[in-house]
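Enquirer:
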Amino acid sequence: MVEPIVIDGIVYATLLACMTIGFTLILMSTKIWNFAYGSLATAGAYISLTAAEVWKLSIYSQLLTAFVLSGIVSFVLYRFLVRPLSQRGISLDGLFVLTFAFNFVLLGFLNIYADYLTNVFKLRARLFFLRGADIQIFGTPGVVIISPLLAVSIIVVLHLFLTRTKFGTAMRATIENPPLAGSVGVNVNLVYSVSWFLAGGLAGLAGALLPLWILCYPNIGDVIMLSVFAASILGGIHSIYGAVIGGIIAGLAEVWGTSALSGVFGSGVIQYRPLIPLIIVVVIFLTAPEGITGIEWRGKLTKRMRKV
Amino acid sequence: MLKISGLNAGYGKFQVLFDVDVEVKKGKIVTIVGPNGSGKSTLIKSVMGLTKVYSGKILFKDEDITHLPTHLVTKRGISYLPQTGNVFGNLTVEENLMLAGYTLSKEETKKRIEETLEEFPLVKKYLRKKCGFLSGGERQMVAMAMAMMRKPEMILFDEPVASLSPKAAAEVLKKIMELNEKGITVILIEQAAKKALQLADDAILMTSGKVAYKGSAKNLLAHPELGKVYLGIKGK
Ligand SMILES: Nc1ncnc2c1ncn2[C@@H]1O[C@H](COP(=O)(O)OP(=O)(O)O)[C@@H](O)[C@H]1O
Ligand SMILES: [Mg+2]
Numbered sequence: 256m257v258e259p260i261v262i263d264g265i266v267y268a269t270l271l272a273c274m275t276i277g278f279t280l281i282l283m284s285t286k287i288w289n290f291a292y293g294s295l296a297t298a299g300a301y302i303s304l305t306a307a308e309v310w311k312l313s314i315y316s317q318l319l320t321a322f323v324l325s326g327i328v329s330f331v332l333y334r335f336l337v338r339p340l341s342q343r344g345i346s347l348d349g350l351f352v353l354t355f356a357f358n359f360v361l362l363g364f365l366n367i368y369a370d371y372l373t374n375v376f377k378l379r380a381r382l383f384f385l386r387g388a389d390i391q392i393f394g395t396p397g398v399v400i401i402s403p404l405l406a407v408s409i410i411v412v413l414h415l416f417l418t419r420t421k422f423g424t425a426m427r428a429t430i431e432n433p434p435l436a437g438s439v440g441v442n443v444n445l446v447y448s449v450s451w452f453l454a455g456g457l458a459g460l461a462g463a464l465l466p467l468w469i470l471c472y473p474n475i476g477d478v479i480m481l482s483v484f485a486a487s488i489l490g491g492i493h494s495i496y497g498a499v500i501g502g503i504i505a506g507l508a509e510v511w512g513t514s515a516l517s518g519v520f521g522s523g524v525i526q527y528r529p530l531i532p533l534i535i536v537v538v539i540f541l542t543a544p545e546g547i548t549g550i551e552w553r554g555k556l557t558k559r560m561r562k563v
Numbered sequence: 006m007l008k009i010s011g012l013n014a015g016y017g018k019f020q021v022l023f024d025v026d027v028e029v030k031k032g033k034i035v036t037i038v039g040p041n042g043s044g045k046s047t048l049i050k051s052v053m054g055l056t057k058v059y060s061g062k063i064l065f066k067d068e069d070i071t072h073l074p075t076h077l078v079t080k081r082g083i084s085y086l087p088q089t090g091n092v093f094g095n096l097t098v099e100e101n102l103m104l105a106g107y108t109l110s111k112e113e114t115k116k117r118i119e120e121t122l123e124e125f126p127l128v129k130k131y132l133r134k135k136c137g138f139l140s141g142g143e144r145q146m147v148a149m150a151m152a153m154m155r156k157p158e159m160i161l162f163d164e165p166v167a168s169l170s171p172k173a174a175a176e177v178l179k180k181i182m183e184l185n186e187k188g189i190t191v192i193l194i195e196q197a198a199k200k201a202l203q204l205a206d207d208a209i210l211m212t213s214g215k216v217a218y219k220g221s222a223k224n225l226l227a228h229p230e231l232g233k234v235y236l237g238i239k240g241k
């Protein structure tokens with residue numbers, strides 16, 4: 256049996272990485288800091304709760320449902336609110352407020368749904384945990400193996416999609432230069448819609464696995480968003496690969512950092528856990544505002560070697 | 006071929022073009038000249054659906070393309086080379102060419118890349134390089150090759166030689182003339198007005214978002230005041 260704290264770190268860091276990929280994809284393509292993103296993960300967690308407790312199905316069998324549902328909600332936010340408003344000339348700040356407001360709507364639905372599950376199905380839906388519903392793989396909880404596997408698969412599939420397919424190449428082109436992409440015949444709006452759908456889907460997927468190891472509640476997504484911001488900034492906000500690295504580092508730092516600190520200062524520090532992503536953001540802005548993918552590692556190394 | 010009438014356009018609420026009427030005939034080279042900020046780029050961006058059009062009409066081959074999204078304007082047979090960022094720097098030359106054939110089928114794209122490379126033999130040399138690493142002249146050649154991928158009927162060039170060395174500039178202008186001889190209608194925005202006017206059939210002079218002159222390029226070159234005031238061309 257693996258140490259619980261190791262599992263905590265692995266599960267949280269890999270799921271955070273999945274979420275950060277999607278969040279960063281939206282940021283790269285449409286330049287929008289999507290504050291409603293966390294609640295899309297929460298929606299995934301509630302799909303898992305419903306699957307396990309209402310439909311009596313394996314959570315893993317409903318991952319696709321979570322992906323599609325959150326993807327659609329994300330697409331709707333983009334297609335019917337973000338795009339029409341930006342076409343009317345709303346600023347990026349305005350759009351940021353829009354996603355913030357949309358998040359309240361999502362939170363409202365999530366709370367109503369939690370109450371519905373509580374009252375109609377007599378479930379504990381405001382604070383839940385589905386470790387008992389997980390499968391065992393070689394004596395370890397399935398989520399320990401599946402969440403890293405998921406993160407790796409996502410990055411491999413996304414990499415192949417972006418580099419080997421026509422639409423993926425068009426996506427990279429649109430991220431770099433939208434007017435030029437349009438001029439070579441790429442439907443830029445379609446690219447944006449697909450980005451938002453994929454990103455929402457990734458949040459739903461990561462969120463669906465969350466309750467297998469972590470205690471969930473209607474605004475858990477919002478709490479994780481702080482870490483997603485940190486991870487995305489750490490990764491340099493212009494790189495999908497940076498997002499993965501940022502997600503892993505921020506996730507591990509948060510879980511293991513809190514654990515180490517509570518070993519020293521007592522369990523009272525645990526409630527200050529959200530400070531860790533904040534500290535990451537501050538440190539990154541002070542030392543490497545372009546994130547880890549913005550640092551010229553080769554230059555740094557050769558400079559250091561020259562010094563030696 | 007292209008007919009713009011009563012065009013009022015700009016960015017958001019900021020109006021740049023005022024009542025612009027322009028007509029471009031098939032097979033011609035039309036040069037747009039005028040001081041910086043006079044709305045030259047905005048005019049051809051409007052054709053591509055990259056600005057906000059408040060009123061007016063843009064007809065291409067007698068069909069209304071005024072509010073068409075950019076990728077559909079492209080599909081009608083117009084290629085556009087922006088003033089800056091006319092290639093994808095993060096992609097290789099090959100990927101750039103492939104994207105330029107985005108609206109074509111896979112086989113068609115392959116065939117067109119081969120044909121285009123015959124036409125632009127120099128581009129072959131750096132096919133696997135990222136465009137970001139090319140020189141200005143090389144980049145402009147790639148951009149022109151990209152524009153030709155779809156066999157357009159009209160190409161819009163926004164200051165294609167502005168930042169090039171005289172040698173590279175001459176090469177690019179020569180290539181533009183060649184394309185025109187093949188029957189492609191060309192709209193060319195140029196700062197170095199004298200040179201551009203010499204190779205053009207017709208000319209449009211823009212000042213403060215309005216058309217100050219349209220007619221034969223020769224007449225504009227010879228015009229006693231317009232040339233001097235706006236283009237720095239000295240009279241005889
Ligand atoms: N994307 C934009 N958003 C807002 N204003 C712009 C934009 N592009 C150009 N402008 C403004 O439009 C006017 C005309 O610009 P432009 O058409 O680029 O001129 P030219 O190409 O003749 O130098 C300028 O005042 C410029 O500041
Ligand atoms: Mg210009």
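Chains as they are written, first to last, in this note's numbering: chain W, 256 to 563; chain P, 6 to 241.
Positions of the beta carbon are idealized from the N, C-alpha and C atoms, including for glycine.
Is any heavy atom in ligand 2 found nearer than 7 Å to the beta carbon of glutamine 88/P?
Expert: Yes, the beta carbon of glutamine 88/P sits closer than 7 Å to at least one heavy atom of ligand 2.
Enquirer: Quick one: what does DSSP say proline 473/W is sitting in, helix, strand or coil?
Expert: DSSP places proline 473/W in coil when its eight states are reduced to three.
Enquirer: Verify the contact flag: serine 46/P, CB atom, against every heavy atom of ligand 2, threshold strictly below 7 Å.
Expert: Indeed, a heavy atom of ligand 2 lies less than 7 Å from the Cβ.
Enquirer: Just the C-alpha distance for valine 257/W and leucine 445/W, rounded to the nearest angstrom, thanks.
Expert: Distance between the alpha carbons of valine 257/W and leucine 445/W: 45 Å.
Enquirer: I'd like to know if threonine 79/P contacts chain W, where contact means its C-beta is closer than 8 Å to some C-beta of that chain.
Expert: Yes, because at least one Cβ of chain W sits closer than 8 Å to the Cβ of threonine 79/P.
Enquirer: Measure the CB-CB distance between asparagine 101/P and methionine 151/P and report whether it falls below 8 Å.
Expert: A contact, by the Cβ cut-off of 8 Å.
Enquirer: Skipping 5 residues on each side, what residues in its chain have a beta carbon closer than 7 Å to that of alanine 380/W?
Expert: Only Leu304, Ala369, Leu372, Thr373 meet the Cβ criterion.
Enquirer: Listing by chain order, which chain W residues have their CB less than 8 Å from the CB of leucine 226/P?
Expert: Ordered by position in chain W, no residue passes the 8 Å Cβ test against leucine 226/P, which lies about 31 Å from the chain.
Enquirer: Helix, strand or coil for leucine 7/P? Go by DSSP, reduced to three states.
Expert: The answer is strand: DSSP assigns leucine 7/P an E or B state.
Enquirer: Does serine 522/W come within less than 8 Å of chain P when only Cβ atoms are used?
Expert: So no, serine 522/W is outside the interface.
Enquirer: Rounding to the nearest angstrom, what Cα-Cα distance links lysine 18/P and valine 439/W in this structure?
Expert: Computed Cα separation, rounded: 27 Å.
Enquirer: Pull up the distance between the alpha-carbon of valine 38/P and that of leucine 210/P, whole angstroms please.
Expert: Those two C-alpha atoms are separated by around 5 Å.
Enquirer: With a CB to CB cut of under 7 Å and the five nearest residues on each side skipped, what residues in its chain are close to threonine 114/P?
Expert: Excluding positions up to five away in sequence, the list reads Met103, Gly106.
Enquirer: Three or more C-beta pairs under 8 Å: does that hold for the region 306–324 of chain W against the region 489–505 of chain W?
Expert: No: the two stretches stay apart, fewer than three of their Cβ pairs being nearer than 8 Å.
Enquirer: Checking contacts by CB at 8 Å: is methionine 53/P closer than that to chain W?
Expert: It does; some Cβ of chain W falls within 8 Å.
Enquirer: From which residue to which residue does the beta strand (DSSP E) around threonine 36/P run?
Expert: 34–38 is the extent of the beta strand (DSSP E) around threonine 36/P.
Enquirer: Would a check of beta-carbon distances place alanine 150/P closer than 8 Å to chain W?
Expert: Chain W contact via Cβ: absent.
Enquirer: From glycine 240/P to glutamate 431/W, what distance separates their C-alpha atoms?
Expert: With a pLDDT of 45 at glycine 240/P, under the threshold of 50, the modelled position of this residue cannot be trusted, and the question is left open.
Enquirer: Quick check on proline 157/P - is its C-beta less than 8 Å from some C-beta in chain W?
Expert: By this cut-off, proline 157/P is not an interface position.
Enquirer: Helix, strand or coil: which one does DSSP assign to glycine 455/W?
Expert: Three-state result, glycine 455/W: helix.
Enquirer: Kindly list, in the order they appear in chain W, the residues whose Cβ is closer than 9 Å to that of proline 289/P.
Expert: The structure shown does not extend to residue 289/P, since chain P is modelled only from 6 to 241, so the question has no answer here.
Enquirer: Could you tell me which chain P residues have their CB closer than 7 Å to the CB of alanine 425/W, listed as they occur along the chain?
Expert: In chain order: Leu104, Tyr107.
Enquirer: Name the residue from Ile525/W, Leu464/W, Ser341/W, Met283/W whose alpha carbon lies nearest to the alpha carbon of phenylalanine 384/W.
Expert: When only C-alpha atoms are compared, the closest one is Leu464/W.
Enquirer: Suppose you measure from the CA of alanine 227/P to the CA of serine 43/P; what does that come to, to the nearest Å?
Expert: So the two alpha carbons sit approximately 21 Å from each other.
Enquirer: Is DSSP giving lysine 80/P helix, strand or coil here?
Expert: Helix.
Enquirer: Counting only beta-carbon separations shorter than 8 Å, does asparagine 13/P have a partner in chain W?
Expert: Judged by the 8 Å Cβ criterion, asparagine 13/P is not in contact with chain W.
Enquirer: Excluding five sequence neighbours on each side, which residues of the same chain lie with their C-beta closer than 8 Å to the C-beta of phenylalanine 330/W?
Expert: Here the set comprises Ser448, Trp451, Phe452, Gly455.
Enquirer: Since alanine 100/P meets chain W, which of its residues come closer than 7 Å, beta carbon to beta carbon?
Expert: For clarity, residue 100/P is glutamate in the given sequence; the question names alanine instead. Chain W residues near glutamate 100/P: Thr424.
Enquirer: Using a Cβ-Cβ cut-off of 7 Å (strictly less than) and excluding sequence neighbours within five positions of glycine 82/P, which residues of its own chain qualify?
Expert: Pro157, Glu158, Met159.
Enquirer: Note down the Cα distance separating leucine 435/W from leucine 353/W, rounded to an integer number of angstroms.
Expert: Leucine 435/W and leucine 353/W: Cα-Cα distance of roughly 28 Å.
Enquirer: If I follow the unbroken alpha helix (DSSP H) through glutamate 28/P, where does it start and stop?
Expert: Taken as a continuous stretch (DSSP letters only), glutamate 28/P belongs to no alpha helix (DSSP H), being part of the beta strand (DSSP E) at 19–29.
Enquirer: In terms of residue numbering, what span does the alpha helix (DSSP H) encompassing isoleucine 276/W cover?
Expert: First-last of the alpha helix (DSSP H) with isoleucine 276/W: 259–285.
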